[in-house]
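Below is one structure, written out as structure tokens; the observations come after it.
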């Protein structure tokens with residue numbers, strides 16, 4: 152894999168030393184993805200220069216891989232003919248992605264060079280909600296008739312395939328464009344030439360509606376190992392397909408988004424080093440503010456038990472351990488639940504099974520930690536506690552009863568909150584560690600002081 | 152998508168009411184993945200019964216999708232002929248996956264029914280380290296000669312393709328089996344029949360070595376949108392290929408693993424509801440124990456400032472807010488860095504750029520939070536502070552200087568630790584919120600008490 156870095160370094164050397172014919176040969180050997188990585192580190196002038204050196208068949212493929220800033224720079228500098236060449240080679244789904252990111256005047260210029268057919272499709276796809284199957288589908292797929300022979304089907308693919316995003320999965324539709332079957336090029340190639348498509352095709356095709364969530368579509372790729380999945384409208388008419396490469400992007404983006412939300416970040420679509428200081432600040436500050444303000448309630452709880460604490464200052468020393476352990480326990484559970492929800496492993500209907508499991512795990516974890524901590528307190532903290540004038544057995548009892556109880560509370564809160572969030576239409580990923588921590592912190596202190604007051608008579 | 156659930160419910164009804172011919176027709180219509188979901192909820196007897204009803208061409212495909220418990224149950228109950236049928240239809244990579252999970256006596260029985268060729272390949276693949284490209288590759292791919300015409304190549308695929316995991320990407324090797332090119336079925340189908348493979352093939356093929364990390368291979372699929380990637384040995388000889396469906400599994404598993412590690416969990420390979428209480432406890436208790444013990448150091452810091460605290464008890468009330476905010480700030484950064492490392496967006500060489508960025512973001516976040524918190528303290532906490540006999544301006548100053556300083560520390564620690572972990576060969580994902588929280592908790596208290604002693608003269 153380090154080849155691709157070496158290729159980029161070499162290309163940069165050739166550009167800097169103005170060896171353009173060598174650069175052209177070098178770029179011709181490189182993958183469009185690597186070319187685009189190389190281009191995106193250049194200045195505007197170098198970018199345009201290097202892009203113009205590209206072999207024509209790589210230009211569009213490279214253009215698609217670039218970030219929107221680079222694309223915008225190029226579109227603005229392109230001559231009409233250059234723009235036409237690139238735009239003509241775009242698939243509709245890529246054109247939509249590009250257009251969504253561009254300012255209106257650039258979009259206008261791009262649309263001038265698309266055919267009216269393509270323009271209609273672009274407008275069609277732009278109408279679908281951002282997270283829908285429709286928004287990620289492509290309309291360039293191979294369509295076969297059910298009475299084709301295998302030879303006819305292959306001939307059809309050979310004559311029309313050049314403009315299709317994938318030719319490997321072909322769809323069979325009736326006169327009303329209703330999806331009636333699916334057949335792979337593999338099946339076609341391995342069949343006799345005179346067999347009929349209808350006899351070979353799969354009829355029970357897994358399909359999605361244009362308004363289904365794109366995450367569900369992507370999960371189906373993970374589950375079924377498909378190369379493409381058809382997208383239909385309410386009347387089961389075939390409108391487009393989603394291909395596996397787009398599904399991989401969705402799966403990766405969704406995982407990143409979940410991870411960011413779980414860490415109290417507003418998700419960003421840009422890579423870390425391409426995000427500015429101010430943008431990163433905007434991603435981070437809302438949750439920090441909210442959580443800071445929430446944490447002051449925890450402070451209020453401590454204040455309200457101030458007089459009790461003054462009577463037994465040694466209790467203060469165990470607050471961080473109790474709060475951290477409660478937060479970690481709740482975080483473990485909530486993250487497990489959130490990821491399982493994303494992967495489709497669990498559902499709201501499992502809530503009682505989940506709570507019952509979490510209760511038993513929490514008791515096991517609580518007892519283990521309490522026993523270890525009791526031992527530790529008796530061996531290491533004994534002197535400190537009794538020098539404070541306290542009975543070390545009672546203090547240890549208070550601390551470890553609290554430990555056990557808060558772990559149980561934390562694990563139940565950690566399982567119920569994400570499920571409830573999903574149920575009422577919120578994003579469960581937000582119900583992860585930072586949020587759970589704030590809640591269980593407060594709960595653990597309430598338990599702590601109540602147990603202390605009861606057992607120590609403060 | 153709800154169709155697949157309905158299909159499974161219908162199949163269960165038919166099984167329970169012993170309508171076996173209807174069940175057979177129903178299963179014939181279902182996807183092997185859904186059949187396996189249906190089978191895994193059955194008792195052992197029902198499982199064997201239902202599996203025997205399956206059309207023969209679906210049996211192996213369904214078997215592959217089942218979990219290892221179900222597979223073991225079936226293998227143990229199969230007659231020799233049944234086992235032979237299933238084993239013969241397995242691809243080598245699937246056979247390896249199954250064998251890795253089975254007890255020795257079951258493996259023995261399976262291997263008795265594989266050809267000596269397959270057995271040799273299985274043993275070969277089992278030798279590769281668990282996380283290597285070699286361990287997830289398949290050896291069943293299409294190999295072409297460079298002097299084939301397109302027609303000859305297509306004829307070759309048609310005659311040999313049935314046993315190949317994918318026929319869509321074909322590889323061209325020389326007499327020593329060295330990989331010299333790659334050609335897709337799309338290119339073949341769209342070319343003239345008399346063109347020569349050598350003139351059409353891509354020669355600059357992105358490839359991996361058998362010992363490369365499987366995560367790097369999977370990331371290449373995300374980056375380049377390939378359907379398959381070839382795996383070679385040190386001498387560039389082609390040994391196998393990795394297909395996109397296996398890459399999706401690796402990407403999803405790695406994301407889940409990262410998420411679990413970030414939440415202080417020992418990763419598990421099983422879905423949540425299929426993991427037992429004791430197993431879940433084992434996943435969670437090691438980190439909880441370690442973090443609990445570490446948190447006691449934070450307690451020690453509080454104890455050692457006990458006398459100072461006794462002189463200004465109101466300071467205690469701000470401890471949870473300071474600790475939580477520091478933990479959240481550090482967690483945000485570490486999680487961002489960990490995910491960016493996983494996605495290959497950043498690298499150790501970026502460390503100074505990253506620290507410089509984090510420093511500036513931290514100052515922005517710190518100032519914002521300090522200003523808001525200062526206002527809040529002046530408006531809401533003023534009475535409480537002065538009733539404690541303290542100067543509210545000084546207290547607010549101590550709290551908010553600490554807030555600002557700890558956020559800077561937290562964000563620097565949160566960026567440096569994952570990068571350092573990666574550098575020295577540890578898993579960066581472990582350096583996430585819970586671990587960072589424990590460290591920055593201690594640091595924030597040290598800052599707090601030192602600032603307090605200096606400004607308040609405690």
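Protein chains in written order, with the numbering used here: chain Z, 152 to 609; chain G, 152 to 609.
Ideal placement from N, C-alpha and C gives every residue a C-beta, glycine not left out.
Fair warning: this is a prediction, and the values are worked out from it, not measured in the lab.
C-alpha of residue 484 of chain G to C-alpha of residue 565 of chain G: approximately 5 Å in a straight line.
Counting along the chain, residue 343 of chain Z sits inside no beta strand (DSSP E), nor does DSSP assign it H or E at all. Between residue 544 of chain G and residue 537 of chain G, the alpha-carbon positions lie close to 10 Å from each other.
Linking residue 505 of chain Z to residue 562 of chain Z through their CA atoms gives a straight-line distance of about 10 Å.
DSSP places residue 264 of chain G outside both helix and strand once states are collapsed to three, so it counts as coil. Residue 435 of chain Z and residue 512 of chain G do touch by the CB rule: their CB atoms are close to 7 Å apart, below 8 Å. In this structure, residue 185 of chain G keeps its C-beta atom at 8 Å or more from the C-beta atom of residue 222 of chain G. In terms of beta-carbon proximity, residue 516 of chain G lines the interface with chain Z, with at least one pair separated by less than 8 Å. Interface annotation for the region 177–188 of chain G against chain Z: 180, 181, 182, 184, criterion Cβ-Cβ distance under 8 Å.
The criterion of a C-beta distance shorter than 8 Å is not satisfied by residue 418 of chain G and residue 491 of chain Z. Close partners of residue 535 of chain Z in chain G (Cβ separation under 8 Å): 454.
A residue is called buried once 16 or more other Cβ atoms fall within 10 Å of its Cβ, and residue 403 of chain G is buried on that count. Contacts with chain Z at 8 Å (Cβ-Cβ) include residue 403 of chain G. Counting the other CB atoms within 10 Å of its CB gives residue 343 of chain Z a total below 16, which places it among the exposed residues. For the pair residue 581 of chain G and residue 411 of chain Z, the Cα-to-Cα distance works out to about 16 Å.
Residue 474 of chain Z: member of the alpha helix (DSSP H) spanning 470–493, first to last residue. Among the CB atoms of chain Z, one or more fall inside 8 Å of the CB of residue 428 of chain G. Put simply, the CB of residue 374 of chain G is near chain Z, with a gap under 8 Å to one of its CB atoms. For residue 385 of chain G, no chain Z residue has a C-beta closer than 7 Å to its own C-beta; the minimum C-beta separation is roughly 15 Å.
Across the region 564–596 of chain G, CB contacts with chain Z closer than 7 Å involve 584, 585, 588, 589, 592, in sequence order along the chain. DSSP places residue 540 of chain Z in the coil class of the three-state scheme, outside both helix and strand.
In the structure shown, the three-state DSSP call for residue 194 of chain G is coil.
One thing to note: residue 365 of chain G has its Cβ within 8 Å of the Cβ of residue 286 of chain G. Residue 457 of chain G reaches chain Z at 464, counting residues in chain order whose Cβ is nearer than 7 Å. Proximity to residue 519 of chain G across G:554, G:299, G:546 peaks at G:554, based on C-alpha coordinates. Restricted to the region 278–362 of chain G, the alpha helix (DSSP H) segments that are unbroken, complete and at least 4 residues in length are 284–287, 301–311, 336–341, 348–351, listed in chain order. In the DSSP annotation of this structure, the continuous segment of the alpha helix (DSSP H) that includes residue 437 of chain Z starts and ends at 428–455.
The C-beta of residue 511 of chain G comes closer than 8 Å to at least one C-beta of chain Z. Neighbours of residue 469 of chain G in chain Z, taken as residues whose beta carbon is under 7 Å from its own, are 450 in chain order. Using a Cβ distance threshold of 8 Å, residue 349 of chain G and residue 297 of chain G count as a contacting pair.
Taking CB atoms only, residue 282 of chain G has no neighbour in chain Z less than 8 Å away. Between the region 204–213 of chain Z and the region 178–196 of chain Z, the count of Cβ pairs shorter than 8 Å is three or higher; the stretches touch. Counting only runs that start and end inside the region 158–240 of chain G, the alpha helix (DSSP H) elements of at least 4 residues fall at 171–180, 183–191, 195–204, 207–216, 219–228, 231–239.
Neighbourhood of residue 309 of chain G in chain Z, by CB distance below 8 Å: 340, 341, in chain order. Taking a Cβ-Cβ threshold of 8 Å, the residues of chain G close to residue 435 of chain Z are 480, 483, 512, 516, in chain order.
Residue contact check for residue 491 of chain Z against chain G: a CB pair falls below 8 Å.
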